[in-house]
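Taken in order, the sequence shown gives residues 7 to 317; the numbers are from the numbering used here.
Read through the structure below, which is laid out as structure tokens, and then see the notes.
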Amino acid sequence: MQTMEKIILDCDPGHDDAAAIILAAKSPKLQLLGITVVAGNQTLENTLRNALNVVQWLDVDVPVYAGCGQPIVREKVIAGDIHGKTGLDGPVFPPLMRKAQPEHAVNFIIRRLLDSDGDITMVTTGPMTNLAMALRMEPKIAEKIKRIVLMGGAYANGNVTPAAEFNIFADPEAAHICFTAGRPITMIGLDVTRKVLCYPEIVQRMEKVGNRVSALFVSLMGHFCKTQKEIFGWDGGPLHDPVTIASLIDPELVTTKPMNAQIDIRGGQSYGRTNCDFFNYLRLPPTADVAIDIDPARFWDVFEEGLRNYN
Numbered sequence: 007m008q009t010m011e012k013i014i015l016d017c018d019p020g021h022d023d024a025a026a027i028i029l030a031a032k033s034p035k036l037q038l039l040g041i042t043v044v045a046g047n048q049t050l051e052n053t054l055r056n057a058l059n060v061v062q063w064l065d066v067d068v069p070v071y072a073g074c075g076q077p078i079v080r081e082k083v084i085a086g087d088i089h090g091k092t093g094l095d096g097p098v099f100p101p102l103m104r105k106a107q108p109e110h111a112v113n114f115i116i117r118r119l120l121d122s123d124g125d126i127t128m129v130t131t132g133p134m135t136n137l138a139m140a141l142r143m144e145p146k147i148a149e150k151i152k153r154i155v156l157m158g159g160a161y162a163n164g165n166v167t168p169a170a171e172f173n174i175f176a177d178p179e180a181a182h183i184c185f186t187a188g189r190p191i192t193m194i195g196l197d198v199t200r201k202v203l204c205y206p207e208i209v210q211r212m213e214k215v216g217n218r219v220s221a222l223f224v225s226l227m228g229h230f231c232k233t234q235k236e237i238f239g240w241d242g243g244p245l246h247d248p249v250t251i252a253s254l255i256d257p258e259l260v261t262t263k264p265m266n267a268q269i270d271i272r273g274g275q276s277y278g279r280t281n282c283d284f285f286n287y288l289r290l291p292p293t294a295d296v297a298i299d300i301d302p303a304r305f306w307d308v309f310e311e312g313l314r315n316y317n
């Protein structure tokens, strides 16, 4: 019998974070130990409420923990233009009954990792503030992290500046801490997630699954795709965050390449850039497995199966 991979999902919902939660919470291949929430796509108050609303809608028994509401050094930035005033505009949720755990997310991460056998994968789909703070508060957790899998960065072009991707740009110092912690890292950046485009025909396909969760996904994508059209002129927006979860469910989905990857924390035009030595110019040891390709059709097969897990 295949062992379920234990994960903690650190996120900032966000429409694509919500899709990641959907994919993770019921996968027979994953054991979702907890959801930790950080400010990013919206304020912590909003991202926490959004995570609780999604978990309640899914009717899954997964604890949710509120984490850091501010980056470590820089001023706070949010992505309200994409995700709306709530961070999850579109769906109409019923009254919220679920409550966050009283323990701070950083303390939960520390406690759960220290109590583990070194078999927990940390998945981050927002700014890496919570994990970075945990690593600084208790350095012993580093050796307990099986792997860090993040949605963030790019070896080519950014999406909030020419150089930087949002999750890294929102807290570059946190990303620097995580990338220099000495643990295996899989960086799934814009280079591959931009290929996972949620076109109207994809939404229609997922709607045919015909359960409450597919209905939630359709509502989420209604707003998400609308803003992509208004801002960028795209018929379908890239669904970044669930690629992390899909890559754990289907290890053949994403192609990676070992690279020396460093975070630019010096300030200036390239602040928050993930400098990935694709051609090994520097002759430095690889520090991350960087995603360079994905099979989008295979991803959507994984996602549809994930929706059907709620039947």
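C-beta atoms are modelled at their ideal positions from N, C-alpha and C, and glycine is treated no differently.
The structure displayed is predicted, hence computed values, not measured ones.
Check each candidate in Thr199, Phe305, Glu310, Val112 and name the one with the smallest Cα separation from Glu213.
-> The candidate whose alpha carbon is nearest that of Glu213 is Glu310.
Mind reading off the beta-carbon distance from Asp197 to Ala148? Whole number of angstroms is fine, and I expect it under 8 Å.
-> Contact between Asp197 and Ala148 fails: their C-beta atoms lie close to 27 Å from each other, not under 8 Å.
Which same chain residues, not among the five before or five after Gln266, have their C-beta less than 7 Å away from its C-beta?
-> First, the amino acid is wrong: residue 266 is Asn here, not Gln. Only Asp283, Leu288, Leu290, Pro291, Pro292, Thr293 meet the Cβ criterion.
Buried or exposed: where does Glu11 fall if 16 or more other Cβ atoms within 10 Å of its Cβ makes it buried?
-> Here Glu11 is buried: its Cβ has 16 or more other Cβ atoms, across all protein chains shown, within 10 Å.
Stretch pair the region 249-267 + the region 296-314: three plus CB contacts closer than 8 Å = Enough Cβ pairs lie closer than 8 Å, so yes.
State the Cα-Cα distance for the pair Ala170 and Met128, rounded to the nearest angstrom.
-> Using only the alpha carbons, I get a separation of about 22 Å.
Identify whether Val68 lies in helix, strand or coil by the three-state DSSP scheme.
-> DSSP places Val68 in the coil class of the three-state scheme, outside both helix and strand.
Alpha-carbon to alpha-carbon, Ser253 and Lys232 = Taken atom to atom, the span from the alpha-carbon of Lys232 to that of Ser253 is near 27 Å.
Which ranges does the beta strand (DSSP E) cover as unbroken runs of at least 3 residues, wholly within the region 144-231, from first to last along the chain?
-> Segments of the beta strand (DSSP E) lying fully in the region 144-231: 151-157, 191-194.
Following the continuous beta strand (DSSP E) through Pro264, name the residue where it begins and the one where it ends.
-> For Pro264, the enclosing beta strand (DSSP E) stretches over residues 260-265.
Name the one or two DSSP bridge partners that Cys282 has.
-> According to DSSP, which records beta bridges pairwise, Cys282 is partnered with Ala267.
3-residue-minimum beta strand (DSSP E) runs that sit fully inside the region 81-136, ordered along the chain = Annotation note: the region 81-136 contains the following uninterrupted beta strand (DSSP E) runs of length 3 or greater, listed N- to C-terminal: 126-130.
Examine the Cβ distances between the region 13-27 and the region 217-227 and report whether three or more of them are shorter than 8 Å.
-> When Cβ pairs closer than 8 Å are counted between the two stretches, the region 13-27 is seen to touch the region 217-227, the count reaching three or more.
Kindly confirm or deny that the region 47-66 and the region 194-208 touch, where touching means at least three C-beta pairs closer than 8 Å.
-> With the cut-off at 8 Å, the region 47-66 and the region 194-208 do not touch.
Secondary structure at Gln37, three-state DSSP: helix, strand or coil?
-> In this structure, Gln37 counts as strand in the three-state DSSP scheme.
Buried/exposed call for Asn47, threshold 16 Cβ in 10 Å = When all chains shown are included, Asn47 counts as buried.
Can you tell me which of Gly90, Met139, Lys32, Thr135 puts its alpha carbon nearest to the alpha carbon of Cys17?
-> Closest option to Cys17, Cα to Cα, is Thr135.
Beta carbon of Ile183, beta carbon of Ala111: below 8 Å?
-> No.
Limits of the unbroken alpha helix (DSSP H) element including Ala45 = Counting along the chain, Ala45 falls outside any alpha helix (DSSP H), and DSSP gives it neither H nor E.
Are Gly93 and Pro69 touching if we call contact CB-CB under 8 Å?
-> Not in contact: Gly93 and Pro69 (Cβ atoms no closer than 8 Å).
For Gly124 and His246, the rounded distance between their alpha carbons | Counting only the Cα atoms, Gly124 lies some 27 Å from His246.
Under the three-state DSSP convention, the category Val308 falls into | Here Val308 sits in helix by DSSP.
Straight-line gap, Arg121 to Glu144 (C-alpha atoms, nearest Å) | Correcting the residue identity first, residue 121 is Asp in this sequence and not Arg. Rounded to whole angstroms, Asp121 to Glu144 spans 13 Å at the Cα level.
Kindly indicate the opening and closing residues of the beta strand (DSSP E) around Ile78.
-> From DSSP, Ile78 is part of no beta strand (DSSP E); its letter is neither H nor E.
Could you check the C-alpha separation between Pro108 and Gly239 for me, to the nearest Å?
-> Their backbone Cα atoms lie some 43 Å apart in a straight line.
What are the boundary residues of the alpha helix (DSSP H) that includes Asp22?
-> In the DSSP assignment, Asp22 falls within the alpha helix (DSSP H) that extends over 21-31.
Just to confirm, are Leu226 and Pro97 a CB contact at a threshold of 8 Å?
-> Contact flag set, yes.
Assuming Ile271 and Glu179 make a contact with CB atoms under 8 Å, what is their CB distance in whole Å?
-> Confirmed, about 6 Å.
Measure the C-alpha to C-alpha separation of Thr167 and Arg279 and round it to an integer number of angstroms.
-> Using only the alpha carbons, I get a separation of about 9 Å.
Per DSSP, the bridge partner or partners of Ile13 | Paired residues: Leu38, Thr127.
Pro244 bridges to which residues according to DSSP?
-> Looking at the DSSP assignment, Pro244 forms a beta bridge with Leu203.
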